[in-house]
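*Asks:* Got a structure here, written out as structure tokens. Questions coming.
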Amino acid sequence: MERRSFLKTACRACLMGAGALAVADSLSSCSPAVARQLAYSPAVVNNQVEVPFTLFEKQPLVVISPAKYEYEISVEKAENTYKALLLKCTHYDNQLTPTGNGYTCSLHGSKFSKDGVVTKGPAERNLRQLKTETLNDHLLIYL
Ligand code: FES
Numbered sequence: 195m196e197r198r199s200f201l202k203t204a205c206r207a208c209l210m211g212a213g214a215l216a217v218a219d220s221l222s223s224c225s226p227a228v229a230r231q232l233a234y235s236p237a238v239v240n241n242q243v244e245v246p247f248t249l250f251e252k253q254p255l256v257v258i259s260p261a262k263y264e265y266e267i268s269v270e271k272a273e274n275t276y277k278a279l280l281l282k283c284t285h286y287d288n289q290l291t292p293t294g295n296g297y298t299c300s301l302h303g304s305k306f307s308k309d310g311v312v313t314k315g316p317a318e319r320n321l322r323q324l325k326t327e328t329l330n331d332h333l334l335i336y337l
């Protein structure tokens, strides 16, 4: 199993049992912020995912993990606009890990700001921003 898959599976596994959040809080690899966000795993339909606006009631930035999709997506609300970033390293496509103020790649150490801008290489390109559309009570993200 690849390291990326193992870490993703391990984080999900620690969320599934009784008292999962307490366990997640005690694991350094599963910060409370990441654990809370990974709980939301919308289905991918026609290469789109729906994110309810209620997810942003407590925090402006959430990371979602679409079902059966290889990468997570960060979605940030600012005023009434939303910015969705694909958390796929632009160096060699590794899944990125959210940190307190951005994203880091465990493969070769690239770092990206919360806005998806490269702050440390070897990656040279910023993160891909996904097209979004607001509908009644949710955000539509085009993958
Ligand atoms: S794959 Fe992310 S830095 Fe190389």
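Residue numbers for the sequence shown follow my numbering, beginning at 195 and rising by one. No residue lacks a Cβ here, since even glycine has one placed at the ideal position from N, Cα and C.
1) According to DSSP, is S222 helix, strand or coil?
2) Pull up the CB-CB distance for P292 and V269, whole angstroms please, since I reckon it's below 8 angstroms.
3) Per DSSP, Q289 forms a beta bridge with which residues?
4) For C283 and D331, what's the separation of their Cα atoms in angstroms?
5) Quick one: grab the DSSP three-state call for L249.
6) Quick check on H332: does DSSP put it in helix, strand or coil?
7) In the structure shown, what three-state DSSP assignment does S307 receive?
8) Less than 6 angstroms between the CB of L301 and some heavy atom of the ligand FES, yes or no?
9) Helix, strand or coil for Y234? Go by DSSP, reduced to three states.
10) Which of the three DSSP states, helix, strand or coil, is assigned to A261?
11) Hey, out of K271, E266 and N241, whose CA is closest to E251's CA?
*Replies:* Taking the definition as stated:
1) Reliability fails at S222, whose pLDDT of 36 lies under 50, so the model's placement of it is uncertain and no value is given.
2) Going by Cβ atoms, the distance from P292 to V269 rounds to 12 angstroms, so no, they are not a contact pair.
3) Among the bridge pairs identified by DSSP, Q289 is matched with K282.
4) Near 30 angstroms, if we compare the C-alpha coordinates of D331 and C283.
5) The three-state reading of DSSP puts L249 in helix, counting H, G and I together.
6) In the structure shown, H332 falls within a strand segment according to DSSP collapsed to helix, strand and coil.
7) Residue state for S307 is assigned as strand, using DSSP reduced to three classes.
8) When distances are taken from the beta-carbon of L301 to the heavy atoms of the ligand FES, the shortest one is below 6 angstroms.
9) Three-state result, Y234: coil.
10) Residue state, collapsed to three classes: coil.
11) With distances taken between Cα atoms, E251 lies closest to K271.
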